[in-house]
Amino acid sequence: MINRITLGLLLAAALSACATPPTIDGSQLPATPASYKNPPAATLADGSWTLAAPADAATRGDWWLAYQDSTLNRLIDTALQHNTDLATAAARLQQARAALGVADADRMPQLGVNVGNARGTQAGAGPSGTSLLNSSNTTPVKLTSVGANFSYEIDLAGRLSGTSRAAALDAEASAALLQGSRLLVASQVAQTYFSLRLLDQQRQLLQDTVQSYARTAQLTRQRYQAGEESGLSLARIEADSEATRAQAIALDRQRAQLENALAVLTGQPASGFRLEESRWNASLPQIPAGLPAAMLARRPDVAAAQRKLLAAQTRVGVAQAAWFPDLTLTSAGGYASSQLRDIFRWSARAWSVEGLLSLPLLDGGRRQALLGSARADMEVAMADYRHSILQSLAEVEDSLSDIRLLAQQEAAQLQAVASAARASALADSRYRNGQTGQLELLDAQRSELSIRRQALSIRQDRYLASLSLIRALGGSWDDSASK
-12 MINRITLGLL
-2 LAAALSACAT
8 PPTIDGSQLP
18 ATPASYKNPP
28 AATLADGSWT
38 LAAPADAATR
48 GDWWLAYQDS
58 TLNRLIDTAL
68 QHNTDLATAA
78 ARLQQARAAL
88 GVADADRMPQ
98 LGVNVGNARG
108 TQAGAGPSGT
118 SLLNSSNTTP
128 VKLTSVGANF
138 SYEIDLAGRL
148 SGTSRAAALD
158 AEASAALLQG
168 SRLLVASQVA
178 QTYFSLRLLD
188 QQRQLLQDTV
198 QSYARTAQLT
208 RQRYQAGEES
218 GLSLARIEAD
228 SEATRAQAIA
238 LDRQRAQLEN
248 ALAVLTGQPA
258 SGFRLEESRW
268 NASLPQIPAG
278 LPAAMLARRP
288 DVAAAQRKLL
298 AAQTRVGVAQ
308 AAWFPDLTLT
318 SAGGYASSQL
328 RDIFRWSARA
338 WSVEGLLSLP
348 LLDGGRRQAL
358 LGSARADMEV
368 AMADYRHSIL
378 QSLAEVEDSL
388 SDIRLLAQQE
398 AAQLQAVASA
408 ARASALADSR
418 YRNGQTGQLE
428 LLDAQRSELS
438 IRRQALSIRQ
448 DRYLASLSLI
458 RALGGSWDDS
468 ASK
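The numbering used here applies: residue -12 is where the sequence shown begins, and numbers increase by one.
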């Protein structure tokens, strides 16, 4: 009998070697390009994307320091400490780590103690000596027991170890998502801050324009009083001045909304948050001539997608393990007696040792369905991972393209600003000397205002493009940018 049991155990162990998850087909992953099509470019190593562990543990640097703005630094530091979305992501990481602890605990021996007290009756014997269950001749029975029990499941097919590994990968994916949330929150703070400072600059421009209109209106009023200008000219300049004031008020409304958004991002009540208006001219980060493609592996979403794929792959192996036997060793020992005073007598001792080898035979197709579901989950994870790679490459290309073209656009726009300023100054001089009418001056001033506002918008777009590149790369391209 022992030889048969031993043979069965050896056969189960041999069969368990078949419960291995399928390999991941790397050919389904997109090939990396030889270089980015938008400079600054980086030459990639071999044109292929591998399943090597992402560099999500690599330093991302405090990239916001590159903008050299102390207010921005303070806001991001506050957001990273108090943002509610980050608190949620951190709690989810703790959930994943707790689930890993549960999976690891299932692999360990289980030891417990028990104390029991049972009461009942035992049927007496009839005249013929047979038991009469419905006889009134019954004897009260009571039994008190105390002992310990031990159980341990031998992981023949790797089901428990696979479950533990999948839980560990889930925890790593949650850690990567937490890093992604930190990057997202910091970039949202920077984006909102840049938009707010753009409004400050535009409002200052409108105030300067209102002052210019006021000087023109004063001259027009003097000429009107001298009979040299009509009331129409005076009304026209006053209308332009008030319309510009209205635009400034509209900017104030937008600024209040952005200020409240910053309060939420930094985890502060909007009613007590205030960011003073400022003349702002932060530095644009200097982007190196070449960006290594390996930096894309730092992207938290790529890291999380890779961990989820490996976890799904592992769970296929767990589902396959359900087709193989489970071996559980159990042991119990203690004391049991009908008299409490005799509970710890040597004669009251009891013990048992059991080895249970179980294998389901008919389950209505449940195991097959679970295996099919696990394989489908792996295909979904593979598609998600592939998408994250393609998305990362596209976002880098978009950002590099924006940075290059916006620099050219700003250079052209600044030329337009200079020309508009000369035209406005010339029109003002001609109007004051009586060489031209008011309409020519107002047209020149309106044109200059519009061109300057466009220049400010392009400047902000350059900041946002640099911010998009940082997000696309998963952090700073310069590790020395850390505190």
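Positions of the beta carbon are idealized from the N, C-alpha and C atoms, including for glycine.
- L358 and Q307 do touch by the CB rule: their CB atoms are close to 6 Å apart, below 8 Å.
- Contact fails between the segment 169 to 182 and the segment 296 to 314, because fewer than three Cβ pairs, one in each stretch, are under 8 Å apart.
- A Cβ-Cβ contact shorter than 9 Å links G462 with G48.
- When rounded, the separation of the alpha-carbon atoms in A414 and Q68 is 54 Å.
- In this structure, the alpha-carbon of L454 lies about 49 Å from that of L219.
- Between R440 and E397, the CB-CB gap reaches or exceeds 9 Å.
- The straight-line gap separating the alpha-carbon atoms of L59 and A66 is approximately 11 Å.
- Under the three-pair Cβ rule at 8 Å, the segment 130 to 148 does not count as touching the segment 197 to 208.
- The C-beta distance from R266 to Q191 rounds to 6 Å, short enough to fall under 8 Å.
- The Cβ atoms of S132 and G103 lie closer than 9 Å to each other.
- Judged by DSSP in its simplified three-state form, Q273 adopts coil rather than helix or strand.
- The residue from T315, R210, Y200 and E382 with its alpha-carbon nearest to that of V289 is E382.
- Within the segment 383 to 461, the runs of alpha helix (DSSP H) that reach at least 4 residues and sit entirely inside it are, in chain order, 425 to 460.
- Annotation: the segment 151 to 230 contains no complete segment of the beta strand (DSSP E) (minimum length 3 residues).
- Rounded to whole angstroms, the separation of the alpha carbons of W50 and A368 is 31 Å.
- About 7 Å separates the Cβ atoms of A201 and S228, confirming a contact at the 8 Å cut-off.
- Residues A298, T301 and R302 of the same chain have their beta carbon placed closer than 6 Å to that of A153, with the five preceding and five following residues left out of the count.
- The shortest C-alpha to C-alpha distance from A74 to any of A90, L165, A292 and E427 is the one to L165.
- Between A160 and L193, the CB-CB gap reaches or exceeds 9 Å.
- Distance check between A363 and each of L344, L296, I438 and S411 places L296 closest, using alpha-carbon atoms only.
- In the displayed model, P287 falls within a helix according to three-state DSSP.
- Closest in alpha carbon position to Q189, among R409, R458, A452 and I445, is I445.
- At a Cβ-Cβ threshold of 9 Å, T315 and S339 do not count as neighbours.
- Under DSSP, N136 shares a beta bridge with G99 and A319.
- A Cβ-Cβ contact shorter than 9 Å links S411 with S434.
- Around the CB of N70, 16 or more other CB atoms lie within 10 Å, so the residue is classed as buried.
- Here the alpha carbons of R332 and R106 stand approximately 20 Å from one another.
- In terms of CA proximity to L443, L393 leads the group T423, L393 and L456.
- Between R294 and L156 the beta-carbon gap is near 5 Å, inside 8 Å, which marks them as a contact.
- Listed in chain order, the non-local C-beta contacts of G342 below 6 Å within the same chain comprise L316, local neighbours out to five positions each way being set aside.
- Residue range T71 to A92 is occupied by the alpha helix (DSSP H) that includes G88.
- Straight through space, the alpha carbons of A230 and R84 are spaced by roughly 59 Å.
- Taking G254 as the centre and dropping the five residues before and after it, the same chain places the C-beta of T65, A66, Q68, H69, N70 and T71 closer than 8 Å to its C-beta, in chain order.
- The three-state secondary structure of S463, taken from DSSP, is coil.
- For E341, the pairing in a beta bridge is given by DSSP as T317.
- If the five residues before and after R169 are omitted, its C-beta is found closer than 7 Å to the C-beta atoms of L67 and L73, all from its own chain and listed in chain order.
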